[in-house]
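Worksheet: the structure to be examined is printed underneath.
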Amino acid sequence: MKHKLMIGVLFVLFGMSSLWAQTEPVEADSAVVDSTELYPAPVSHLRATDKPNDHGHAIVVEWETSADDGGGKNNVVLYQVFRSMSFDGPFDSVGTAPAGEGRFEDIGSKDRSSSSFIPDDTDLFYQIDAVTADPAIRTPSDILDPVQSSGQWFNTGRVPVLVAVLIFGLLTGIFVTSAKRGRELYVRPIGGIEAVDDAIGRATEMGRPILYVLGLGTAADVATIASFTILSRVAKRVAEYQTELIVPTYDPIVMSVAQEVVKSSYFDAGRPEDYKEECVFFVTQSQFAYVAAVNGIMLREFPATNVYMGKFYAESLLLAETGSLAGSIQISGTDEIAQIPFFIVACDYTLIGEELYAASAYLGREPKLLGSLKAQDWAKAAVVVLAIVGLVAANFGWLEFPTLFRVID
Amino acid sequence: MRRQIPFALVFIFGIFMVFQYFVPHETSEWAYEFLLDWIIVIGIFALALGIWSLFKVSVEKIKLGKEGAKYSYLTLVGLYLMVAFGFTQQTGGSLGFGYFVWIVLCSACIVALMRLRAVSDSGAKRMWGMVSLVTLVAAVLVAIFDDAWAFFLYTPEGLQNSMFRTFFDYVMMPILATMFSLLAFYIASAAYRAFRARNVLASLLLIAALLVMSRFNPFIPGAEYVAKASNWLMNVPNLAAQRAIVIGIGLGIVATALKVILGIERGYMGKG
């Protein structure tokens, strides 16, 4: 009985295995048929290089698209990029590129603790899968030879900027030197700057204060730095005329610098005892709360003159219109293109764009500063000439010329 | 010497920043980020100076009884309340009665201290001194013995304080939105002034403005041509002028930066 049972079990097992053996070739055959029909051709000419002009931790992988991408079976929907630290794997997916695309930038983190960290100067292996709409049906490429990422010490994409800066620096040096030697440099009159002295005189006569607004910029903004210079001149005149100066600030660092600027100007004017630290004060770092505070000052103190110099945004018109309603003479200057029209409409004098930067040289009349103004003018002339040449070159199809000025980040 | 050291620092770091722009290496980036972090550090210290400045100016106005001194009271109370709410949060079901007693006591203490600074009479000084001391001691005792709330000085729990959120969402935000909405009326009044046809140029400006304003109006006759004309105005003369200004600004920025780095421009240190 026991033997019969064993024979029976063996029989069943044999029968099942033979059945399995019968069915398996059928499945294998169908798979072979599927792979021939559905599996796309792999990508070819795979190459990987270190990403140029970067801090490292990045590789550019390029390939020629699969023969079944846009042609052939036309079933490739994307390419999946895999990376490994060893030829034998394991390979991790680092991203995908859509069909038709033959390039992928594997930009990793420089943070060692990040999961996307790519070590520099270490062999990296790449493999690309051509993937169909069914993610299981895909064809991997060969594994690429190792490639290493590294950081560069010079960004060759920024050569045009370097050349421009060097030429401009050279021009500045030449004109500053020639101005120092006593050469007369003509600077066209700038109405807004010439009005500063008159405005201070008016405030003195009226016995009303001068309101100086440095805008919403930080001390790192060049417009604010230019504004400090103008504030220094204004404060010096104010100290000489013994007029009151009010400087409400938006940024606490700007406040600290402005306090120092005004204090030094009072010292230079020989009236250190007239300086009050409270004349330069911090208001808030909320844009419209700042507007409310400054508008309040305008409507309570009725300053004879309002000077707006620096970076301004949506508050420009709110300030300038209120100042206009309060009957103050208003002088403004900003490098924010969108705010210039508002100032032109609401103020008596407006320094447009670069005039803000020219103001310090114009007010001081120092040869060194005037020399840099001349350099600016020459640079502008050069830009105009280059723009015309570029226009002609582009129209005649000489595209190498515009390419010379392309900055690649 | 007092000015030579800052100029030397400006030169060194200015030159570094110029070269850093052309050096993408990780070391250069690290140094750049390290230096930028200093701005945050300086900003935090400067903010303390700023708040102190605001406090001093407000107290001074109150002391001198200047016009609008009542706004200074409001500024100081608002400043104090938002700081107090922002650093405290309930630990149980609600903030409780003790919390409001604490707020009132602290407010009373601040007002008493301000009065103490403002008055000159010795009797009044003594009285306000006593009031400030008593309210301060009472506020400290309430803070110690009331368990319904706690101070959160290092974590942001205080920003979820219901009083903080109420003041921020239902007082501050509507006020700021109101200030911003004034811009619409100011634009109208500024446009009226700008577009008055006083001479040929102003008339041209008026015509251009009318065309641009009518750009999206489908009901005017010849809307298609108006749209084309206004698009041309915006994309050709307007853009050309803007680009010219931008080029000038760019050169001005480079020139100013060079002047600052080389020590030619010293106005930012008060040495004009």
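Chains as they are written, first to last, in our numbering: chain Z, -19 to 389; chain U, 1056 to 1327. By construction, the Cβ of each residue, glycine as well, lies at the ideal position given by its N, Cα and C atoms. In this text the structure is predicted, and so the values were computed from the model without any measurement.
Step through the CB atoms of chain Z and report whether any lies within less than 8 Å of the CB of U:ARG1170. Taking the first residue of the second sequence as 1, we reach residue 1170 of chain U at position 115. Not an interface residue.
Counting only C-beta atoms, is Z:MET235 closer than 8 Å to chain U at any point? Here residue 235 of chain Z corresponds to residue number 255 of the first sequence, with the count starting at 1. Closer than 8 Å: yes.
Just to check my reading of the structure: Z:PHE261 and U:LEU1109 have Cβ atoms closer than 8 Å, yes? What is that Cβ distance to the nearest angstrom? Taking the first sequence and counting its residues from 1, the one referred to as residue 261 of chain Z is at position 281. Taking the second sequence and counting its residues from 1, the one referred to as residue 1109 of chain U is at position 54. Going by Cβ atoms, the distance from Z:PHE261 to U:LEU1109 rounds to 6 Å, so yes, they are a contact pair.
With a cut-off of 8 Å, does the C-beta of U:THR1311 fall near any C-beta of chain Z? Here residue 1311 of chain U refers to the residue found at position 256 of the second sequence. Judged by the 8 Å Cβ criterion, U:THR1311 is in contact with chain Z.
In angstroms, rounded to a whole number, what distance separates the CA positions of Z:THR45 and Z:ALA21? Position 65 of the first sequence, counted from the start, is the residue given in the question as residue 45 of chain Z. Position 41 of the first sequence, counted from the start, is the residue given in the question as residue 21 of chain Z. Cα to Cα, Z:THR45 sits roughly 9 Å from Z:ALA21.
Only counting the same chain, and skipping five residues up and downstream in sequence, which positions put a Cβ closer than 6 Å to that of Z:ILE170? Here the question's residue 170 of chain Z lines up with position 190 in the first sequence. Answer for Z:ILE170: GLU335, TYR342, listed in chain order.
Chain Z contacts from the region 1130 to 1152 of chain U (Cβ-Cβ distance under 7 Å): Per Cβ criterion, the list is empty.
Please give me, in chain order, every unbroken run of the alpha helix (DSSP H) with length at least 4 that falls completely inside the region 1246 to 1279 of chain U. 1255 to 1268
Which same chain residues end up closer than 7 Å to Z:ILE324 when comparing Cβ atoms and leaving out the 5 residues on each side of it in sequence? Within the first sequence, numbered from 1, the residue matching residue 324 of chain Z stands at position 344. The residues are THR330.
Quick check on this structure: which residue in Z:ASP101, Z:GLU316, Z:CYS327 has the alpha carbon closest to the alpha carbon of Z:SER304? By 1-based counting over the first sequence, the position of residue 304 of chain Z is 324. For the residues Z:ASP101, Z:GLU316, Z:CYS327, the minimum Cα distance to Z:SER304 belongs to Z:CYS327.
Could you name the residues of chain Z that U:PHE1235 contacts, counting a contact when the two beta carbons are closer than 8 Å? Against the second sequence, residue 1235 of chain U aligns to sequence position 180. Ordered by position in chain Z, the residues that pass the 8 Å Cβ test against U:PHE1235 are PHE268, ALA294.
Buried versus exposed, by CB contacts within 10 Å (16 or more), U:ALA1232: As a position in the second sequence, residue 1232 of chain U is number 177, starting the count at 1. The residue in question, U:ALA1232, is exposed, as its Cβ has fewer than 16 Cβ neighbours within 10 Å.
With a cut-off of 8 Å, does the C-beta of U:VAL1096 fall near any C-beta of chain Z? What you label residue 1096 of chain U is simply residue 41 of the second sequence in a count that begins at 1. No - not a single Cβ of chain Z is within 8 Å of the one on U:VAL1096.
Comparing alpha-carbon positions, which option in Z:PRO78, Z:GLU185, Z:THR112 lies nearest Z:ASN55? Along the first sequence, read from residue 1 onward, the residue named residue 55 of chain Z stands at position 75. Nearest C-alpha to Z:ASN55: Z:THR112.
Counted within 10 angstroms of its Cβ, other Cβ atoms place Z:ALA206 as buried (16 or more) or exposed: The sequence position of residue 206 of chain Z within the first sequence is 226, counting from 1. Z:ALA206 is buried by the Cβ-count criterion.
In its own chain, which residues sit with a C-beta less than 6 Å from the C-beta of Z:VAL287, not counting the 5 before and 5 after it? The residue labelled residue 287 of chain Z in the question sits at position 307 within the first sequence. For Z:VAL287, where only same-chain residues beyond five positions count, the Cβ hits under 6 Å are TYR192, ILE311.
Z:SER296 (DSSP reduced to helix, strand or coil): Counting from one through the first sequence, the residue named residue 296 of chain Z turns up at place 316. Correct three-state label for Z:SER296: helix.
Give me, in chain order, the residues of the same chain whose beta-carbon lies closer than 7 Å to that of Z:GLY80; leave out the 5 immediate sequence neighbours on both sides. As a working mapping, residue 80 of chain Z is identified with position 100 in the first sequence. For Z:GLY80, where only same-chain residues beyond five positions count, the Cβ hits under 7 Å are THR45, ASP49, GLY50.
Using a C-beta cutoff of 8 Å, does Z:ILE190 count as contacting chain U? Stepping through the first sequence from its first residue, residue 190 of chain Z is reached at position 210. Chain U, which has no Cβ nearer than 8 Å to the Cβ of Z:ILE190, makes this no.
Mind checking the region 146 to 173 of chain Z against chain U and listing, in chain order, the residues whose C-beta falls within less than 8 Å of any C-beta there? PHE148, GLY149, THR152, VAL156
For the alpha helix (DSSP H) that contains Z:MET186, what are its first and last residues? As a first step, residue 186 of chain Z must be located in the first sequence, where it is residue number 206. 171 to 186 is the span of the alpha helix (DSSP H), which, as asked, contains Z:MET186.
Curious, which full-length beta strand (DSSP E) runs of at least 3 residues does the region 268 to 328 of chain Z contain? Taken in chain order, the whole beta strand (DSSP E) runs of length 3 or more contained in the region 268 to 328 of chain Z are 285 to 291, 309 to 314.
Can you tell me where the beta strand (DSSP E) with Z:THR119 in it begins and where it stops? Counted from its first residue, the first sequence places residue 119 of chain Z at position 139. First-last of the beta strand (DSSP E) with Z:THR119: 118 to 120.
Residues bridged to Z:THR29 by DSSP? Looking up residue 29 of chain Z in the first sequence gives position 49. Answer by DSSP bridge pairing, in chain order: Z:VAL40.
Drop a sphere of 10 angstroms on the beta-carbon of Z:LEU384, count the other beta-carbons inside from all chains shown, and report buried for 16 or more, exposed for fewer. Within the first sequence, residue 384 of chain Z is the residue found at index 404, counting from 1. It counts as exposed.
Cross-chain neighbours of U:MET1324 in chain Z, by beta carbon under 9 Å: As a first step, residue 1324 of chain U must be located in the second sequence, where it is residue number 269. In chain order: PHE208, SER212, VAL237, GLU240, VAL241, SER244.
Can you tell which of Z:GLY69, Z:LEU353, Z:LEU297, Z:ALA28 has the C-alpha that lies nearest to the C-alpha of U:ALA1243? On the second sequence, position 188 is the one that residue 1243 of chain U refers to. Closest option to U:ALA1243, Cα to Cα, is Z:LEU297.
Is there a C-beta anywhere in chain U that falls below 8 Å from the one on Z:SER308? In the first sequence, the residue the question calls residue 308 of chain Z occupies position 328. With 8 Å as the cut-off, Z:SER308 does not count as an interface residue toward chain U.
What are the residues in the region 348 to 372 of chain Z lying within 7 Å of chain U by C-beta distance? The region 348 to 372 of chain Z vs chain U, Cβ under 7 Å: LYS348, LEU349, SER352, ALA355, GLN356, ALA359, LYS360, VAL363.
Taking U:ARG1170 as the reference, which of U:GLY1141, U:GLY1151, U:ILE1300, U:VAL1114 has the closest Cα? Reading the second sequence from its first residue, position 115 is the one you call residue 1170 of chain U. Answer by Cα proximity: U:VAL1114.
Can you find a C-beta in chain Z that's less than 8 Å from the C-beta of U:VAL1195? Mapped onto the second sequence, residue 1195 of chain U falls at position 140. No, U:VAL1195 lies away from the interface with chain Z (no Cβ there is under 8 Å from its Cβ).
Per-residue DSSP class, three states only, for Z:ILE388: Along the first sequence, one-based indexing puts residue 388 of chain Z at 408. Coil.
Spatial neighbours of Z:GLU42 within its chain, please: C-beta separation below 7 Å, excluding the five flanking residues on both sides. Reading the first sequence from its first residue, position 62 is the one you call residue 42 of chain Z. Cβ within range, chain order: ARG27, GLY82, ARG83.
Buried/exposed call for Z:PRO115, threshold 16 Cβ in 10 Å: As a working mapping, residue 115 of chain Z is identified with position 135 in the first sequence. Exposed.
Please state if the CB of Z:GLY75 and the CB of Z:LEU61 are separated by a distance shorter than 8 Å. The residue given as residue 61 of chain Z occupies position 81 in the first sequence. The residue given as residue 75 of chain Z occupies position 95 in the first sequence. In the sequence under discussion, the amino acid at residue 61 of chain Z is Val, which differs from the Leu named in the question. Contact: yes.
Compare the Cα-Cα distances from Z:VAL218 to each of Z:ARG251, Z:ASP103, Z:VAL139 and report the closest residue. Looking up residue 218 of chain Z in the first sequence gives position 238. Nearest C-alpha to Z:VAL218: Z:ARG251.
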